[in-house]
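Data block below; observations after.
Residue numbers (this note's numbering), protein chains in the order written: chain A, 24 to 278; chain B, 37 to 312.
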């Protein structure tokens, strides 16, 4: 009995109950199946979309876009973050402007980018890059400012060249914060990918698949899309996140 | 599974722990920050004055100012901004309250946390953008859609940080409160709140940023009024001057939200928060 209570109190109960209720009500016809779909229908459509390759094609289009944008945005954020953290003049010159620009809600850039760079792939990738740029910039800046003063004194005493200081001192001590920034950047890039597919006129990708499904009242495909987006986000943050958190300065033991 | 909360915590840590004192520059330094915007404005002016690019691609600064003045004079800006702000207010209120209660429940009761945590993680793992088509089918594209979406955007960070805040209360203090037989209310006020307050506030700040982001998004995509719609509308008419003006307003609102909550946070934490 106690085991049963323990089992029922577990985390799997609630999702299973929801699934069961959903399935039963759909089959009894209490819900409009066209609008509410049913778990089986979602699975069936998912399988069909997987079979005819449309799901994988959409996923590939989205991920290619995502990574291209992320690479550009993260690289810019990383370099600029290091620059701002190590060169006082650059910090004073640029940081107020960047901090103000950051406050513009990301999606407000879409109409501009679509006008300036066109409605095609360029605009979308620029938008995704912008999404990844700010979290990486912010965290790199933060991390690279936190170098211990003693070490910098030693470096000065040893007359190390600036690039040696950067590589042996600044980067390793900023690494944890940079990793945080990259992970956040990945999350935002993925969000921006979906947003770009909604807002720019797109013909490929998970986001446009979902919007098309919405237009056709295909709730099953919409729910499938939600699951795929959530799943990819999870894999990106945990999978790559785990890989990234293995990066660790010399001599620092794993947590 | 803990990844999300970990992310939230690291994401929420906004202040540097140690900052190296850098050599002081002359007193002019705050002015340096104005140099870049001034240079940008000048370049913008120069480019448009020399007609290097078409007006439809980059309107002159004076045109943007004009467009802004017209928007204000016609009351278009105030009307749509008010609509957007009321949407944010409703959604933010509902989401923050729900997140506070849910997070508190998860923080205080292990049993409740065990029951709902995986479900919460599933809901939280699916970004607001992915909920959008689902909610559009379910709720249509009326007010309910915007408010629910904004509320969802606030709910997740608020739950996570409330939970983290309550978990951050040292167990020893709670034991002490029990020993002193403090009432539940006094325990919350004197023991829980001081250490949880900074967490609440970072949740609120984070939530408000997300709320504004989500609202602009949904108004761009599915709305017939509001500040985001005004932007789409001007985009369709190729009124770039109006678009730039609205974009500046959107940025200013984001800035105002952030500053406002930072101010409130500083005040409240100073008054009620623990100093440690």
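Glycine included, each C-beta is placed from N, C-alpha and C at the ideal position.
Just so we're clear, the structure is a prediction, and the values are computed from it rather than from any experiment.
1) Near residue 114 of chain A, which residues of its chain fall below 6 Å by C-beta distance, leaving aside the five closest residues on each side in sequence?
2) Show which residues of chain B have a CB atom less than 7 Å away from the CB atom of residue 130 of chain A.
3) Using a cut-off of 7 Å between C-beta atoms, extract the partners of residue 126 of chain A located in chain B.
4) What would DSSP say about residue 59 of chain B, mapped onto helix, strand or coil?
5) Taking a cut of 8 Å between CB atoms, which residues from the region 134-158 of chain B lie near chain A?
6) Residue 80 of chain B CB to nearest chain A CB: under 8 Å?
7) Looking only at C-alpha atoms, which of A:151, A:37, A:100 sits nearest to residue 89 of chain A?
8) Would you give the residue range spanned by the alpha helix (DSSP H) that residue 122 of chain A belongs to?
9) Does DSSP put residue 174 of chain A in a helix, in a strand, or in coil?
10) What whole-angstrom Cβ distance do residue 285 of chain B and residue 113 of chain B have, given they're in contact under 8 Å?
11) Within a Cβ cutoff of 7 Å, which residues of the same chain sit near residue 300 of chain B, ignoring the five residues on either side of it in sequence?
12) At the level of alpha carbons, what is the spacing between residue 274 of chain B and residue 138 of chain A?
13) Is there a Cβ of chain B sitting closer than 8 Å to that of residue 134 of chain A, yes or no?
14) Tell me whether residue 75 of chain A is buried or exposed, calling it buried when 16 or more other Cβ atoms sit within 10 Å of its Cβ.
15) DSSP on residue 114 of chain B, reduced to helix/strand/coil?
16) Measuring only between beta-carbons, confirm whether residue 179 of chain A sits less than 8 Å from chain B.
17) For residue 61 of chain A and residue 141 of chain B, I'd like the C-alpha separation in whole angstroms.
18) Where do the ends of the alpha helix (DSSP H) carrying residue 144 of chain A lie?
19) Check each residue of the region 56-86 of chain A: if its Cβ is closer than 7 Å to any Cβ of chain D, include it; give the result in chain order.
20) Please list, in chain order, the chain A residues whose beta carbon lies closer than 9 Å to that of residue 99 of chain B.
21) To the nearest angstrom, report how far apart residue 262 of chain B and residue 157 of chain A are at their CA atoms.
22) State buried or exposed for residue 163 of chain A, treating a residue as buried only when at least 16 other CB atoms are found within 10 Å of its CB.
23) Using a beta-carbon distance below 8 Å, is residue 302 of chain B in contact with chain A?
24) Residues of the region 68-93 of chain B with a CB closer than 8 Å to any CB of chain A: list them in chain order, please.
25) Which of helix, strand or coil does DSSP assign to residue 246 of chain B?
26) Please list the segments of the beta strand (DSSP E) lying wholly inside the region 168-255 of chain B, counting only runs of 3 or more residues, in order along the chain.
27) Which residues in the same chain as residue 143 of chain B place their Cβ atom closer than 6 Å to its Cβ, once the five residues preceding and following it in sequence are excluded?
28) Which bits of chain B does residue 248 of chain A rub up against, with CB to CB less than 8 Å?
29) Within the 8 Å Cβ cut-off, does residue 150 of chain A reach chain B?
30) Counting only beta-carbon atoms, is residue 221 of chain A nearer than 8 Å to chain B?
31) Along the region 183-205 of chain B, where does the CB come closer than 8 Å to a CB of chain A? Name the residues.
32) Three or more beta-carbon pairs under 8 Å between the region 181-199 of chain A and the region 212-225 of chain A, yes or no?
33) Against chain A, does residue 275 of chain B count as a neighbour if the rule is that its beta carbon must be under 8 Å from one of theirs?
34) Output yes if chain A places a C-beta closer than 8 Å to the C-beta of residue 3 of chain B; else output no.
35) Would DSSP call residue 128 of chain A helix, strand or coil?
36) On the DSSP letters alone, give me the boundaries of the alpha helix (DSSP H) that residue 163 of chain B sits inside.
Based on what the coordinates show:
1) 107
2) Going along chain B in sequence order, the residues near residue 130 of chain A (Cβ under 7 Å) are 249, 252, 253, 256.
3) Listed along chain B, the residues sitting closer than 7 Å to residue 126 of chain A by beta-carbon distance are 287, 290, 291, 294.
4) Any answer about residue 59 of chain B is weak, because its pLDDT of 49 lies below 50 and its placement is not dependable; what the coordinates show is given next. Three-state DSSP puts residue 59 of chain B in coil, outside helix and strand.
5) 147, 150, 151, 152, 153, 154, 155, 158
6) no
7) A:151
8) Segment 111-125, the alpha helix (DSSP H) holding residue 122 of chain A.
9) helix
10) Rounded, the Cβ-Cβ distance is 7 Å, consistent with contact.
11) none
12) 9 Å
13) yes
14) exposed
15) helix
16) no
17) 31 Å
18) 144-167
19) Here chain D cannot be found, since the structure's protein chains are A and B.
20) Those do not exist, as residue 99 of chain B stays about 15 Å from chain A at its closest Cβ, beyond 9 Å.
21) 26 Å
22) buried
23) no
24) Hits within the stretch, in order: 68, 69, 70, 71, 72, 73, 76, 93.
25) It is helical.
26) none
27) 199, 202, 203
28) 166, 169
29) no
30) Yes, contact with chain B.
31) none
32) no
33) no
34) The structure shown does not extend to residue 3 of chain B, since chain B is modelled only from 37 through 312, so no value can be given for it.
35) coil
36) Where residue 163 of chain B is concerned, there is no enclosing alpha helix (DSSP H), given that its DSSP letter is neither H nor E.
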